[in-house]
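Everything in the sequence shown is counted per numbering that gives the first Met the number 0, starting at 0 for the first residue and increasing by one. Each residue gets a CB set at the ideal place from its N, CA and C atoms; glycine is no exception.
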Amino acid sequence: MENKDLEKIKKWLPKGYGKRVQEMTGKSLVVIYNVVSGKAKNESIYNALLKLALENKAEVERRKSLLSTL
């Protein structure tokens, strides 16, 4: 995965994403943060990050639409 793709994913990651990705993949936090920074590569971490970012983005957009109805 290229750095520009990682930047797009990082933009949508929620707080505490490291612990959640660790639970999903069983990888250490050091490895997870190295993958996020682009220093290492790991497909299972990429997939977990992408899933988490998509879930968070959907939640943020859902909240925005609810707020716009007020």
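The residues Leu28, Ile31 and Tyr32, in chain order, have a CB closer than 7 Å to that of Gly17 in the same chain once the five nearest residues on each side in sequence are set aside.
With 16 or more other Cβ atoms from the protein chains shown falling within 10 Å of its own Cβ, Val35 counts as buried.
DSSP, reduced to helix, strand and coil, places Leu12 outside both helices and strands of the structure shown, so it counts as coil. Here Ala39 has Asn33 as same chain residues with Cβ atoms under 6 Å from its own Cβ, once five neighbours each way along the sequence are excluded.
Look at Met23 here: in three-state DSSP terms it is helix.
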